[in-house]
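Numbering (our numbering), first residue to last: 2 to 492. For glycine and all other residues, C-beta sits at the position ideal for the given N, C-alpha and C. All values derive from a computational prediction rather than experimental measurement. Note sheet for the following structure.
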């Protein structure tokens, strides 16, 4: 008689383990549900924080200055984002009731909402932040209610759609990095100066070199190390502002509704609801990928619980001045690399994020990073998001049917606000909140065209691949109907 398989440690069990092996046959805990010794729990959790830290603080760094916040207020916003990311991660990993995927699933501020939030909040100051928070609350509650149904509709969000949207997220954010590289303020006398651009290029080169030369944990935090090195180089140059650190307190709590009570505007709500659907799509793709990596395939109930945690975390975040939360795909890569699959490791990372959010001085240190330095690293960071989308598109069987046409049209429409910012200037102002976001418009176009070309009517050409029909190997083809996507947005 063959010996029964056993899970000896967190490195055991193949990533593609079948559901039958999801639990130890001798009744022992699955690696996902095991705790680790305190020191390893802390260091492994800290590694997850390091891998996601730059991605968490980048959205408030973009949105804060765009809506007219001071450096001190932007630092507060970063601290709040760290705090709410920690809460959302705990909700996702530990779970309550039927909320939470209970996988090593990291949550943080979604990049997908950055461009729409800037469009909503520009020229409004604190009122803009209040409108953004109101829209996120409504979008989060709507997503929470839709979670049980959305997990059944995933066939309408295949790689041809998710890949297009993720690519647009990265491409839409690159102009922000270019602006940072020039200095961030077009009215400043040194905007676009040789010193600023040189600093940006140098930082980008440092990040790329670190990524190439380092290994393991240090390679994962190459962007963070690049920011530190770039900032140290920038100090003698005289472009580093220490004001935010001097004004920040050692301990502080993200005061609920620090920027005022949330305001609710229909156009802003519609825009953020579209972003919520995009984030739910990304999170679903990430859960499918993570489930395969840890040997506990994500079923419908797991996806439903994960989406509920995402959306509830998003709805609660504005109360503590945080933004919409979604999955961080780079942490899925970290799980695959280290083979440490305990969800309690990620929960420890969530606890560290909460502590960082409660120490404003720690968050304000990030505000020391000069914008040209941040721009150089941002080019790599945002470019990696676009690259992740392209990687997902590679699984979409673009040679089949009209999949390539779907991508072409969606990318073309999504690029309009980037390539021609004044394209929609003659349309009603309320519509501009949605149309000025290439992510939102590109997503809508991709979904509608996918339904029109791959789900409506009887098709003969490419039907098998587009509908997810088994191929010659007996596996589901990766066409537009497949849900076996690669990890979604790399934040």
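What's the C-alpha gap between residue 229 and residue 70?
Near 24 Å, if we compare the C-alpha coordinates of residue 70 and residue 229.
Have a look at residue 381 and residue 208 and give me their C-alpha separation to the nearest angstrom.
Those two C-alpha atoms are separated by around 8 Å.
In whole angstroms, what separates the C-alpha of residue 194 from that of residue 373?
Roughly 10 Å between the two C-alpha positions.
Name the residue from 322, 450, 216 whose alpha carbon lies nearest to the alpha carbon of residue 77.
If we check each option's Cα against that of residue 77, 322 comes out closest.
Whole angstroms are fine: how far does the CA of residue 349 sit from the CA of residue 327?
The alpha-carbon atoms of residue 327 and residue 349 are separated by roughly 18 Å.
Applying the 10 Å Cβ sphere with the 16-neighbour rule, what's the burial state of residue 401?
It is buried - the Cβ of residue 401 has at least 16 other Cβ atoms within 10 Å.
Between the Cα of residue 109 and those of 127, 79, 120, 100, spot the shortest distance and give me the residue it belongs to.
If we check each option's Cα against that of residue 109, 79 comes out closest.
Where does residue 186 sit, in a helix, a strand or coil, going by DSSP?
Of the three classes helix, strand and coil, the one that applies to residue 186 here is coil, per DSSP.
Could you have a look at residue 110 and say whether DSSP puts it in helix, strand or coil?
Note: residue 110 maps to strand in three-state DSSP.
Can you list, in chain order, the residues of its chain whose CB lies under 6 Å from that of residue 63, leaving out five sequence neighbours each side?
Within the same chain, residue 63 has close Cβ partners 115, 177.
Within this structure, are the beta carbons of residue 82 and residue 60 separated by less than 8 Å?
Yes, Cβ-Cβ distance for residue 82 and residue 60 is below 8 Å.
Going by DSSP in three states, residue 88 sits in which element: helix, strand or coil?
Looking at residue 88 - three-state DSSP - the assignment turns out to be helix.
Near residue 151, which residues of its chain fall below 7 Å by C-beta distance, leaving aside the five closest residues on each side in sequence?
Hits under 7 Å: 281, 308.
Tell whether a beta-carbon distance below 8 Å holds between residue 94 and residue 101.
Yes, these two residues count as a Cβ contact at 8 Å.
Residue 424: buried (16+ other C-beta within 10 angstroms of its C-beta) or exposed?
With fewer than 16 other Cβ atoms within 10 Å, it is exposed.
Kindly indicate which residue of 92, 112, 405, 90 has the alpha-carbon position closest to the one of residue 58.
Residue 112 is the option with its Cα nearest to residue 58.
Using a 10 Å radius around the Cβ and a threshold of 16 neighbouring Cβ atoms, would you call residue 26 buried or exposed?
A caution first: residue 26 carries a pLDDT of 44, below 50, which makes its placement in the model unreliable, though a value can still be read off. Residue 26 should be labelled exposed.
Between the Cα of residue 236 and those of 267, 213, 197, 223, spot the shortest distance and give me the residue it belongs to.
Residue 236 has its Cα closest to that of 197, out of 267, 213, 197, 223.
Apart from the five residues on each side of it in sequence, which residues of its chain come closer than 7 Å, Cβ to Cβ, to residue 265?
Contacts found: 135, 139.
Cα separation between residue 383 and residue 389?
Their backbone Cα atoms lie some 10 Å apart in a straight line.
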